[in-house]
């Protein structure tokens, strides 16, 4: 019996080997992408160890002195810890509760439009801001809300007859400017997925409901909304997994000395303490690692929960 | 559907009429909120500096003038960064698309041993990464800081786009085609070049556009990796002028009066916004449906 089993294993192994040899051309295609992936994504992961070390350029990553949790403790104890954590959470939760409902309501409304031309016009125009760069978006916002020369300023003056208060100078306004400019930029684009789900809905349901005397509004609530419910859940899960990551680009661009205490989020803080003037690589990496680990835990948890609750999951 | 349409027309209840009215009002408001700022920027860019500063411009140019555009194109750093951006878009997108397609095809093949493992390697980078500083250190160790490569190599493959492409290959390249070609002695390379690529023009168009726009709008790579002004892309210059407000003295040619200078610098901002958005807007109407297609493919799990 024994030789038989081992020969079967050997045969299986040689089968795998033969299949691998047979698809060598596929591996060849993968060569460059895989090399890129390993060099630019996996090699930096080894660099994370400097979070636990006192990195000195002279000694290099591997030979720097090990200091354990020093930099994590430093971060938890620093006065900025609560501030950046609060800003990160407020910004992402605020974005979450505005952007998803906005896109859903917009998609539902769009689905009710009976004039195809109007629908297409609205879609074309509302998708457009998605392709504008963040620098231009913030630049436009700064121009339009300029109390002296912007549209906001001149409109305010002509309506109330006095000079407009400077919204951009109010530190707490940062949250609202950040979130609502995001809604402005992405409401159309994020509605695409819902509009598509709605157009795939069974028309029989609508006909049946109409015969039973349901109004259009009732049909929106009882037919359209349940149709896009699964899509909504998936997107909500994805967003929940990213609660600790607020994009640094937009925040950095919008940041100035007025709003710094409301606009400093973890990712911008990492940049500043790590790569800014007098940057400390180890400290920055520690804060970044803290953030990524929480993100990783969040996304796995949320995915597990959603798997249990329904069949929707990311992987 | 026909019955539905007829019945709607025949007996539209008062409730429904109000509902449709409200829906239309909501959509007009959304439409206006998005269109008006865009139109305002466009109108302001074609107005005269004094009209812009006095706040006379609403949706139509006042005292039509091209002074803003003249100032934009006379500014050497704007023109240079514009050309740099075009170069980064072309080079970067070519690299992106080539690598993405080369990664997506083998991974779409179910008969390749180890495919799932490699796919996991790719997917894992979507939820965990080395982070900003280790990546910066790597770039610096490879001597890529302050080179053109710093603008095109990081993010050479977007895993998201790769997954879209892979999903497309899986659902649009029939297995029978592969089997038939294999019987005829067609190798994987030949099949990839002769069959897969010609059948996948739609998805290649989608990811090309995604990548191209991402490169055009990219700000952070340049911010992080470039200090040499000669290599700056447009977005960096845009930020300096629009947000940090550093209009150098030499930017304005006739710096006779302080007021005129300030007015022109306001005007220049609007014209600059238009110039920087135009490349995207020119292609946008033609490719809108491709973009939408990309979102739809992306929403299907592979």
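Residue numbers (my numbering), protein chains in the order written: chain A, 1 to 315; chain B, 1001 to 1302. Where is the CB? At the ideal position from N, CA and C, for every residue including glycine. Keep in mind it's a predicted model, so treat the numbers as computed, not measured.
Open item on the list: Less than 8 Å between the C-beta atoms of residue 294 of chain A and residue 238 of chain A, yes or no?
Closed with: no
Open item on the list: Determine, for residue 178 of chain A, whether the minimum Cβ-Cβ distance to residues of chain B falls below 8 Å.
Closed with: no
- [ ] Just mark residue 1161 of chain B as buried or exposed, buried being the case when its beta carbon has 16 or more other beta carbons within 10 Å.
- [x] buried
Task: C-alpha distance - residue 162 of chain A paired with residue 1047 of chain B, whole-angstrom precision - done: 25 Å
Task: Closest by C-alpha distance to residue 1211 of chain B, when choosing among B:1073, B:1291 and B:1106 - done: B:1291
TODO: Report the rounded CA-to-CA distance for residue 1053 of chain B versus residue 1035 of chain B, giving the unit in angstroms.
DONE: 22 Å
- [ ] Could you check the C-alpha separation between residue 117 of chain A and residue 82 of chain A for me, to the nearest Å?
- [x] 50 Å
Open item on the list: Give me the subset of the stretch 290 to 307 of chain A whose CB atoms are less than 9 Å from a CB atom of chain B, sorted by chain position.
Closed with: 291, 292, 293, 295, 296, 299 and 300
Open item on the list: residue 131 of chain A and residue 1280 of chain B - do their beta-carbons sit closer together than 8 Å?
Closed with: yes
Task: Limits of the alpha helix (DSSP H) - the one that residue 240 of chain A falls within - done: Taken as a continuous stretch (DSSP letters only), the alpha helix (DSSP H) holding residue 240 of chain A covers 225 to 240.
Task: Which listed residue (A:39, A:28, A:23 and A:27) has its alpha carbon closest to that of residue 1157 of chain B - done: A:39
Open item on the list: Going by DSSP in three states, residue 66 of chain A sits in which element: helix, strand or coil?
Closed with: Strand.
- [ ] Label residue 308 of chain A either buried or exposed according to how many other C-beta atoms from any shown protein chain fall within 10 Å of its C-beta, with 16 as the threshold for buried.
- [x] Answer is exposed; the Cβ neighbour count stays below 16.
Task: Cutoff 8 Å; reference residue 1283 of chain B; Cβ partners in own chain excluding five residues on either side - done: Hits under 8 Å: 1209.
- [ ] Kindly indicate which three-state DSSP category residue 53 of chain A falls into: helix, strand or coil?
- [x] The answer is strand: DSSP assigns residue 53 of chain A an E or B state.
- [ ] Using beta-carbon positions only, say whether residue 1274 of chain B and residue 1013 of chain B come within less than 8 Å of one another.
- [x] no
TODO: For residue 1083 of chain B, name the three-state secondary structure that DSSP assigns.
DONE: helix
Open item on the list: Does the CB of residue 263 of chain A have a neighbour CB from chain B at under 8 Å?
Closed with: no
Task: Beta carbon proximity, residue 1035 of chain B to chain A, threshold 8 Å - done: yes
Open item on the list: Check for me: the alpha helix (DSSP H) holding residue 1037 of chain B runs from which residue to which?
Closed with: 1014 to 1045
Task: Against chain A: residues of the stretch 1100 to 1113 of chain B by CB proximity under 8 Å - done: 1100, 1102, 1103, 1105, 1106, 1107, 1109, 1111, 1112 and 1113
Open item on the list: residue 284 of chain A and residue 1133 of chain B - do their beta-carbons sit closer together than 8 Å?
Closed with: yes
Open item on the list: Helix, strand or coil, according to DSSP, for residue 153 of chain A in the structure here?
Closed with: helix
Open item on the list: Excluding the 5 residues flanking residue 169 of chain A on each side, which residues of the same chain have their C-beta closer than 6 Å to its C-beta?
Closed with: 258
TODO: Using a Cβ cut-off of 8 Å (strictly closer), state whether residue 1134 of chain B contacts chain A.
DONE: Yes, because at least one Cβ of chain A sits closer than 8 Å to the Cβ of residue 1134 of chain B.
Task: As assigned by DSSP and simplified to three states, the class of residue 1115 of chain B - done: helix
Open item on the list: According to DSSP, is residue 1125 of chain B part of a helix, a strand, or is it coil?
Closed with: helix
TODO: Please determine, among B:1193, B:1122, B:1067 and B:1128, the residue with the shortest C-alpha to C-alpha distance to residue 33 of chain A.
DONE: B:1122
Open item on the list: Can you check whether the C-beta of residue 154 of chain A is within less than 8 Å of a C-beta belonging to chain B?
Closed with: yes
Task: Residue of B:1079, B:1050 and B:1062 minimising C-alpha distance to residue 1232 of chain B - done: B:1079
Open item on the list: Helix, strand or coil, according to DSSP, for residue 255 of chain A in the structure here?
Closed with: Three-state DSSP puts residue 255 of chain A in coil, outside helix and strand.
TODO: Could you please give the first and the last residue of the uninterrupted alpha helix (DSSP H) stretch that includes residue 263 of chain A?
DONE: Residue 263 of chain A -> alpha helix (DSSP H) spans 260 to 263.
Open item on the list: Counting only beta-carbon separations shorter than 8 Å, does residue 196 of chain A have a partner in chain B?
Closed with: yes
Open item on the list: Residues in the same chain with beta-carbon distance under 8 Å from residue 1253 of chain B, minus the five sequence neighbours each way, listed in chain order, please.
Closed with: The predicted model places residue 1253 of chain B with a pLDDT of 46, which falls under 50 and marks its position as unreliable; any figure quoted below should be read in that light. 1071 and 1074.
- [ ] Taking all protein chains shown into account, decide if residue 1266 of chain B is buried (16 or more other Cβ within 10 angstroms of its Cβ) or exposed.
- [x] buried
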